[in-house]
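**Student:** In order, the protein sequence lines correspond to chains A and B.
Oh and the first sequence: position 57 is 57 in my numbering, straight run, nothing missing.
Oh and the second sequence: position 115 is 1115 in my numbering, straight run, nothing missing.
One structure is given below, represented as structure tokens, and several questions about it will come after.
Number of protein chains: 2
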Amino acid sequence: MTNDQLKSLGYLALGSRLKRLGERLQAQTQSILAESGFTVPASHFPLLATLSTNGPMNVSDLACGLDLAQPGVTRMLASLQQDGIVTSKAHPQDRRVRIISLTAEGRRVVARARNSAFPRIERAVADACASLEGPLLAQIDALEEQLQTAPLSARTGQMKRRANA
Amino acid sequence: MTNDQLKSLGYLALGSRLKRLGERLQAQTQSILAESGFTVPASHFPLLATLSTNGPMNVSDLACGLDLAQPGVTRMLASLQQDGIVTSKAHPQDRRVRIISLTAEGRRVVARARNSAFPRIERAVADACASLEGPLLAQIDALEEQLQTAPLSARTGQMKRRANA
DNA sequence: CAGTGTTATATACCGTGCTATGTTTATGAG
DNA sequence: CTCATAAACATAGCACGGTATATAACACTG
């Protein structure tokens, strides 16, 4: 019994497949980050990158910018705040809004990520996607195979590989 | 603040984006099923389809066929069994293995899904994907937009639409 | 300025995936 | 036959997404 059932369902199972493919990517990204000594979860880096690029901003705008639901952002922020990566202060005019900023530590983390981990991850994912073409389902199939053949952490070199299935 | 932050991260955030895109698809698929009077969660249908196609099988083979981790399958089966959709009996030779089959009710559900809901969903997702082309990231961008423009439930007709972004 | 509605955030809880580990049963080596 | 290992399934608990709703502060109407 090989795992061909799913593919035979075509568009019907596209949702689960995308979801799980995403999870696999996130997990492998997490490994790369861990190798580089980061403890912040991979899923939080888009938030940090946004803060770093845009400067301090409030919770709703973060959620909108990241296309996430607000409670998810609140949860991430709670965790990041506990780790001393971000702080929040009240808005001077409107006491409902919390203004979130990176701490000094947070800025260090982002800086370190930007010039080591981010490029490695970019290269790895780009490498995994390098040979993809055609309709979405075909690309999903192929990407799944790519990740099974060689995980992201094996793809962080200088674009060397082209290992097709 | 629009939600362009994520896209600007490129391959870096591909994992989260795929995951959430998958979740969105699943949720919209769920709506279509609910409209057709199904209470079984969308995520369980691939399992039912597999059982229906292959006949009775054990937990591990199901997990392998669906490319899911075994505990997830066990959990789905518990829920489906509670709803009277599947039953399990012990393997005659090996008392470790549980053989899972559809109940009469389960077969009815699958039959009904196969000739009403499945085709609708296929059409809807195919419609949403109809205009996609190019590299994976571009297709993801476009599909996100498609789903925002018109949800799956608005796409269940006879392939009529081609609403590009 | 009281009351009502709206906005920003927080809390609670659910779904669906995962890994790690426990339990029971088979199996194979000595 | 006994013990060690392996296999099949179950359980526990985590992560990260979501929705629904509560709470607090603001803003506007009358």
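The C-beta atom is built at its ideal place from N, Cα and C for all residues, glycine as well.
Remember, it's a predicted structure, so these values are computed and weren't measured experimentally.
Tell me the residue span of the beta strand (DSSP E) that contains serine 1101 of chain B.
**Tutor:** 1098 to 1102 is the span of the beta strand (DSSP E), which, as asked, contains serine 1101 of chain B.
**Student:** With a cut-off of 7 angstroms, does the C-beta of glutamine 1139 of chain B fall near any C-beta of chain A?
**Tutor:** yes
**Student:** Any C-beta of chain A sitting closer than 7 angstroms to the C-beta of proline 1055 of chain B?
**Tutor:** It is glycine, not proline, that sits at residue 1055 of chain B in the sequence shown. False, the Cβ-Cβ gap to chain A never drops below 7 angstroms.
**Student:** Cα separation between serine 101 of chain A and threonine 53 of chain A?
**Tutor:** 11 angstroms
**Student:** Which residues share a DSSP beta bridge with methionine 57 of chain A?
**Tutor:** A/Ile100
**Student:** Could I get the ranges of all uninterrupted alpha helix (DSSP H) runs contained in the region 9 to 92 of chain A, with 4 residues as the minimum, in chain order?
**Tutor:** 14 to 35, 45 to 54, 59 to 66, 70 to 82
**Student:** Excluding five sequence neighbours on each side, which residues of the same chain lie with their C-beta closer than 7 angstroms to the C-beta of methionine 76 of chain A?
**Tutor:** His44, Leu47
**Student:** Any beta carbon from chain B within less than 7 angstroms of proline 46 of chain A's own beta carbon?
**Tutor:** yes
**Student:** Please list, in chain order, the chain A residues whose beta carbon lies closer than 7 angstroms to that of tyrosine 1122 of chain B.
**Tutor:** It should be noted that the sequence gives glutamate, not tyrosine, for residue 1122 of chain B. Those within 7 angstroms of glutamate 1122 of chain B in chain A are Gly10, Tyr11, Leu12.
**Student:** When we look at the beta-carbon of arginine 1095 of chain B and count the other beta-carbons within 10 Å, is it buried (16 or more) or exposed?
**Tutor:** exposed
**Student:** How is the alpha helix (DSSP H) around aspartate 1127 of chain B delimited, first residue to last?
**Tutor:** 1118 to 1129
**Student:** Mind pulling the chain B residues with CB within less than 9 angstroms of valine 125 of chain A?
**Tutor:** Correct list: Gly1010, Tyr1011, Leu1012, Leu1014, Gly1015.
**Student:** Which chain B residues sit within Cβ distance under 8 angstroms of glycine 22 of chain A?
**Tutor:** Leu1014, Gly1015, Ser1016, Arg1017, Leu1018, Lys1019, Arg1020, Leu1021, Gly1022
**Student:** What distance in whole Å lies between the Cβ atoms of threonine 29 of chain A and glycine 1015 of chain B, which are believed to be in contact at a cut-off of 8 angstroms?
**Tutor:** Contact flag correct, Cβ pair sits at about 6 angstroms.
**Student:** Given 8 angstroms as the limit, is there contact between the region 122 to 133 of chain A and the region 52 to 72 of chain A, that is, 3 or more CB pairs closer than that?
**Tutor:** Output reads no: the region 52 to 72 of chain A does not touch the region 122 to 133 of chain A.
**Student:** Which one of B/Val1073, B/Leu1051, B/Leu1136 has the shortest CA to CA distance from valine 1110 of chain B?
**Tutor:** B/Leu1051
**Student:** I'd like to know if serine 1043 of chain B contacts chain A, where contact means its C-beta is closer than 7 angstroms to some C-beta of that chain.
**Tutor:** yes
**Student:** Alanine 1049 of chain B touches chain A at which residues, Cβ-Cβ below 8 angstroms?
**Tutor:** Gln5, Leu9, Leu12
**Student:** Spatial neighbours of asparagine 1058 of chain B within its chain, please: CB distance less than 8 angstroms, with the 5 preceding and 5 following residues excluded, ordered by chain position.
**Tutor:** His1091, Val1097, Arg1098, Ile1099, Ile1100
**Student:** What residues in its chain sit with their C-beta under 6 angstroms from that of alanine 1063 of chain B, if we drop five residues either side in the sequence?
**Tutor:** Gln1070, Val1073
**Student:** Show which residues of chain A have a CB atom less than 8 angstroms away from the CB atom of phenylalanine 1038 of chain B.
**Tutor:** In chain order: nothing, as chain A lies at least about 13 angstroms away.
**Student:** Cα separation between glutamine 93 of chain A and glutamine 1005 of chain B?
**Tutor:** 27 angstroms
**Student:** How many Å lie between alanine 1126 of chain B and proline 135 of chain A at the Cα?
**Tutor:** 11 angstroms
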